[in-house]
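Right, one structure below, let's go through it.
Listed below in C-alpha cells is the structure:
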C-alpha cells in the first residue's frame with residue numbers, strides 16, 4: 525500500500541474532492557476501486573497510441589482502450605483529422621449532416637444481411653431501441669436474454685435493482701449461455717408472446733471466463749426465433765470491429781435480424797448504431813428514436829474515418845496477432861513461474877485470470893503489481909487490444925509480468 | 525412548390541438516397557417534413573454564429589440553435605478552443621478526467637440548493653435516472669408528469685406507442701399544467717405510493733402555446749411532495765441556461781430536489797447532467813449510472829468554457845433583449861398587416877403562432893415563406909435565441925417577415 529499511496533497520491537486527493545460533489549466520487553464502469561481501492565489510478569490526464577498517463581504522471585501501457593472504444597489507439601491522427609474537418613463546419617445542427625447518409629450506406633455495404641441503419645450516442649440507446657423494434661414488429665412483449673450479459677443501463681437490463689420496478693422486467697426472461705435446452709423451455713412456455721432474443725456474439729460476463737458458442741447454439745436459436753417469428757438481436761456493442769471488420773455475426777456463425785454497435789465504431793467519439801434486415805425497415809421507421817445530439821456530424825465523420833483506417837491498417841489481423849502474443853506470453857510465464865494462467869475469449873479482447881484463484885484475490889494482486897509497474901490490466905473485465913499495440917509494447921508488458929509473477933511469489937505465493 | 529423544388533434540390537435528392545438506408549430517411553425531432561414536406565431544407569452543411577447553410581448553399585438566419593444546444597452561436601471560439609485543449613490530451617479514457625470534478629464543483633456552486641452532480645450524454649439519460657433515484661429514495665413507484673410535456677425517448681415517457689408496453693407506464697400518471705386540483709386528486713388517490721413529480725420550468729409543448737406557472741402552482745406542488753415525502757424533479761433540459769445562468773428553478777419560483785440539464789450546457793457538445801440536494805446523495809450513489817462515453821473530457825471542457833462565456837457575455841440578458849426585439853417586431857408586423865401574431869413563453873425561447881389559425885396551416889405557410897427568404901422559423905416548436913444574435917440579424921429577420929406576411933395575403937389571405 526505504501527507504493528500505491530506514493531504512486532497515486534494525486535488520484536486519491538482528487539477523489540476526495542470528487543466525493544464531495546459526485547455521488548460515490550466516480551460511478552459506473554470506471555468505479556476506481558476495481559475491488560482493490562487505492563492500488564490503481566483514479567484519473568487519467570492524457571493518452572497517445574497504446575499509452576496513457578494518470579494525473580500523477582505515471583505512464584501505463586494500456587489494455588483497456590477506454591473500455592473498448594479506442595480501437596486504433598488514442599489520438600489516431602486520421603480519425604481526429606476527419607473529425608476536425610466536420611467540426612469546422614459544425615456538429616449539432618437543425619438538420620442532419622449529409623455524412624449521416626454516407627455512414628448508413630457504408631455500414632449497410634459492410635454488413636451483407638442489413639438494409640438500413642440508425643444512430644444514437646450510447647450502446648444502451650441502441651440495444652433498448654432494438655428490443656422496442658422487436659416488440660413493435662411482432663406485436664409481442666417477451667424478450668429473452670443471457671444471464672450475466674451486460675446490455676446497458678436502461679431499466680429492462682441494468683445490472684442493479686435500486687429504483688427499478690418489477691414491471692420494468694416483467695417480460696424479460698433469462699437463460700444460460702450455451703444452454704439451448706433452457707431456451708427451448710422458455711420458447712415453449714411463452715409461445716405466441718415472444719418478441720425476440722438478444723445475444724452478444726460470445727459470452728463476455730465480468731469476473732468470469734469468456735465463452736464462445738457451442739456448435740449448433742446459434743443455429744438452434746435462429747430456428748427457435750424463426751418458428752415463433754421472433755427477432756434475433758445481436759448486441760455487438762462490446763465486440764464489434766474486433767471480431768470482424770464491422771459486425772461479429774459472420775465470425776461467430778450468427779444470423780441476426782438486428783445488430784447494435786457502439787464502443788469502437790468511432791475510436792472514442794460518442795456514437796452508436798443499429799442496423800437491421802430490410803423487412804424490418806418499415807416498422808423501424810415508426811419506433812420513436814431521437815436525442816439532442818444524435819445527428820451530430822463530428823462523431824459520424826470519425827466513424828467513417830475509423831472504418832477506413834481499420835481496413836487500411838489491417839487492424840483486425842494486427843490486434844489478433846498482438847493479442848495472441850500477449851496471451852501466449854502470459855500463459856508461458858504462468859507455467860514457468862508455477863502460477864498457471866487461464867485466458868479465454870478472442871485474442872483481440874482476451875479475458876485473463878490466474879487459474880488456481882477461487883476468489884479473484886490472486887488475479888487482483890497480479891493486476892495491482894502490473895499497475896505499479898505501468899501496465900493497466902483490469903482484474904475482472906476482458907481486456908482490449910488496439911491497432912496501436914506493437915510487438916515492443918507486448919514484450920515490455922511480458923517483462924513486467926515476469927516481475928509481477930515473482931512479486932506474487934515473494935508476497936506469499938497464493939495470497 | 526416550384527421555389528422549393530429549385531431551392532432545396534440537393535436536400536431532396538439526398539433525402540431520396542437516405543430513405544434507402546435509413547428508416548424514414550430522417551427520424552426524430554429533425555424529421556424534415558415539419559408537416560410541410562419539401563418546403564424546408566433537410567440537410568445542414570455548415571454553421572457560424574447565428575447563421576447556417578444547407579447543402580444547397582442557402583443561407584439562413586437561425587432561430588432553432590440546433591433545437592436548443594447552440595446558446596453562444598455556432599462554432600463559438602472560446603468553447604471550441606477549450607474542447608481542443610482537452611481533445612489534444614484525449615477524450616475517452618479508462619478513468620475520468622480531472623475536469624469532471626471541476627465541472628461538478630462549478631454546477632454545484634451555481635445552483636444554491638444542489639450538493640452534487642452526475643453526467644450523461646442525453647437529456648433523457650438524466651430525466652430517466654432522476655425518476656429512478658426518486659423511486660430508490662422513496663421506495664415508492666408512482667411518478668406524476670404533465671400531459672404533453674416532452675421528457676425524452678425512454679419507454680416511461682416517449683411520445684409514441686410503437687413497441688411500448690403498458691407495464692412501461694404502469695406507474696406514470698399525468699395531469700394538466702397549472703391544474704393543482706387535478707394533481708391533488710392524484711396525490712390523494714395514490715397516497716403512500718408516490719415517488720415524485722417531474723416538471724419542466726414552464727409548459728413548452730409542441731404545437732401549442734407556452735405557459736408559465738400560475739401563482740401558487742409551484743408552492744402547491746412543493747407542499748404536496750413534502751407531505752408525501754416525494755421528490756420534485758425539474759426537467760431543465762430544454763430551458764436551462766436560457767432562463768437563468770444555469771438552473772431555471774429560481775427564475776420560475778420552483779424549489780426542486782433534482783434537476784436535469786443537457787442541450788445548452790456545452791454549446792452543442794454532447795453532455796447532460798443531473799444535480800440534486802445533499803440529502804439524496806447517498807441513495808444516488810447506489811442507482812446505476814454509466815455509458816461508454818459519459819466520462820469523456822471534451823464535452824466537459826466545453827461545458828466549463830460555455831458557462832464561463834455565458835457569464836462573460838452577459839448572454840442571458842442579450843438573448844432576452846434580442847428575443848424581445850424579435851417578438852415585439854413580429855407582433856407589430858402582424859397587427860400592421862392584419863394577421864395577428866401570438867407569442868408565448870420566455871423571450872429567449874419564444875413560441876410563435878398566427879392567432880386566427882385553427883389548424884396551423886397559416887403558421888406553417890408563414891414559416892415556409894420565411895424559409896424561402898432565408899430565415900429558419902419552426903412552425904410548431906418554440907424557437908431559441910443565442911448570444912450570437914445581433915440587432916442587425918433581428919432587423920433583417922423582421923424585414924423578411926414583412927415580405928412573408930405580404931406573401932400570405934397575396935396567396936389567399938388565410939390559406
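Chains as they are written, first to last, in our numbering: chain A, 525 to 939; chain B, 525 to 939. For each residue, glycine too, the CB sits at the ideal point set by N, CA and C.
Could you tell me if residue i is buried or exposed, where buried requires 16 or more neighbouring beta carbons within 10 angstroms of its beta carbon?
| i | result |
| --- | --- |
| residue 741/A | buried |
| residue 731/A | exposed |
| residue 927/A | exposed |
| residue 530/A | exposed |
| residue 781/A | buried |
| residue 862/B | exposed |
| residue 797/A | buried |
| residue 563/B | buried |
| residue 533/A | exposed |
| residue 716/A | exposed |
| residue 498/A | Absent from the model: residue 498/A. The displayed extent of chain A is 525 to 939, so no value can be given. |
| residue 545/B | buried |
| residue 571/A | buried |
| residue 709/A | exposed |
| residue 645/A | buried |
Specify the secondary structure class of residue i as computed by DSSP and reduced to three states.
| i | result |
| --- | --- |
| residue 727/A | strand |
| residue 897/B | coil |
| residue 881/B | coil |
| residue 697/B | strand |
| residue 720/B | strand |
| residue 671/A | coil |
| residue 621/A | strand |
| residue 708/B | helix |
| residue 564/B | coil |
| residue 715/A | coil |
| residue 872/B | coil |
| residue 682/B | coil |
| residue 867/B | strand |
| residue 924/B | helix |
Please identify the residue among the options whose C-alpha is closest to the C-alpha of residue i.
| i | options | result |
| --- | --- | --- |
| residue 762/B | 698/B, 714/B, 650/B | 650/B |
| residue 964/B | 906/B, 921/B, 911/B, 616/B | In this structure chain B extends from 525 to 939, so residue 964/B is not present and cannot be described. |
| residue 834/B | 569/B, 541/B, 595/B | 595/B |
| residue 725/A | 696/A, 778/A, 746/A, 743/A | 778/A |
| residue 486/A | 669/A, 717/A, 771/A, 756/A | Coverage of chain A is limited to positions 525 through 939, which leaves residue 486/A absent and any answer about it impossible. |
| residue 575/B | 891/A, 537/A, 618/A | 618/A |
| residue 754/A | 599/A, 904/A, 727/A, 714/A | 714/A |
| residue 816/A | 615/A, 606/A, 527/A, 583/A | 615/A |
| residue 602/B | 738/B, 868/B, 666/B, 911/B | 911/B |
| residue 868/B | 838/B, 608/B, 734/B, 550/B | 734/B |
| residue 590/A | 909/A, 931/A, 932/A | 909/A |
| residue 628/B | 719/B, 844/B, 923/B, 827/B | 827/B |
| residue 824/A | 655/A, 786/A, 554/A, 547/A | 786/A |
| residue 613/A | 792/B, 865/B, 809/B, 915/B | 792/B |
| residue 790/B | 773/B, 890/B, 900/B, 764/B | 764/B |
| residue 579/B | 526/A, 623/A, 578/A | 623/A |
If I'm right that residue i touches residue j with Cβ under 8 angstroms, what's the distance once you round it to whole angstroms?
| i | j | result |
| --- | --- | --- |
| residue 682/B | residue 687/A | Not really, about 19 angstroms apart at Cβ, beyond 8 angstroms. |
| residue 573/A | residue 597/A | 4 angstroms |
| residue 759/A | residue 723/A | 7 angstroms |
| residue 677/A | residue 814/B | 6 angstroms |
| residue 887/A | residue 897/A | So it is not a contact: roughly 16 angstroms between Cβ atoms. |
| residue 659/B | residue 689/A | 7 angstroms |
| residue 748/B | residue 711/B | 5 angstroms |
| residue 640/B | residue 800/B | 6 angstroms |
| residue 807/B | residue 850/B | Residue 807/B to residue 850/B, Cβ: 44 angstroms. No contact. |
| residue 719/A | residue 655/A | 7 angstroms |
query = Quick one: complete alpha helix (DSSP H) runs, 4+ long, within the stretch 639-663 of chain B?
reply = 647-662
inquiry  = To test your reading of the DSSP string, which unbroken beta strand (DSSP E) runs of 3 or more residues are found completely within the stretch 790-840 of chain B?
reply    = 796-800
ask   = Enumerated in chain order, which unbroken segments of the beta strand (DSSP E) with a length of 3 residues or greater are wholly contained in the stretch 730-785 of chain B?
value = 755-759, 782-785
message = Could you tell me which whole beta strand (DSSP E) segments of length 3 or greater appear in the stretch 533-612 of chain A?
response = 568-572, 575-578, 583-586
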